[in-house]
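Beneath this line is the structure, given in structure tokens, with notes to follow.
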Amino acid sequence: MPTLIIEDGSIVAGANSYLSVADAETILDNQGYSFGAITEDQKQQFLIRSATYLESYRDAYQGYKVSCEQSLQWPRSNVYIDCCAFAANAIPNELKLAQALGAYYESTGKSLQAVTGGQNIASKEVVGAVKVSYFDNGSVDGYTIFTDINNSLDPLLKRSGGLVTFRV
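Reading the sequence shown from the start, the letters are residues 3 to 170 in our numbering.
So, in structure tokens, the structure goes:
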């Protein structure tokens, strides 16, 4: 079983997580979640999977890796959170929350990795010339949307040319 190596902003060699199990449990408890009755090794595995998932945002994060030698995408330079410069030797709380939530979802059997398959349509109806399809909550085209993870990561992502997006 891999051991957690925690990136704390100081460019830790071989880092594979932004959180220890204890820190993740504290964050989850503050959000009203719990890993439940799983082993310490499983918690570590889920934290590593979640960190790997967060790495998939590498091209969407603001700024740049501080060093080409660092194992993970954070720490980063030239990052602004809520219009304030973020320290290039720290890990944002938003990222830590996203990793803890990702590990929690993994622990419940909801994989962060995309699954293949068609759209999960719960029901359809036709009203006049309009066809309406209702999809299972959170799942479209075989992908699960983890809204709370996305919301946590949002302040860390690049903005695209002043476009404003909103959820419907």
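Even for Gly, the Cβ is constructed at its ideal location relative to N, Cα and C.
query: Reference Arg1; option with closest CA among Cys86, Cys85, Asp84 and Ile93; result: Absent from the model: residue 1. The displayed extent of the chain is 3 to 170, so no value can be given.
query: Bridge-paired residues (DSSP) for Tyr55; result: BP columns for Tyr55 are empty, so no partner.
query: Rounded separation between Cys85 and Ile7 - CA only; result: 31 Å
query: Pick from Tyr82, Leu103, Ala53 and Thr149 that is closest to Asn32, judged by C-alpha positions; result: Leu103
query: Separation of Ala17 from Ala105, as counted between CA atoms; result: 16 Å
query: Per-residue DSSP class, three states only, for Ile8; result: strand
query: DSSP-derived helix/strand/coil call for Phe48; result: helix
query: Span separating the alpha-carbon of Ile40 from that of Ala24; result: 14 Å
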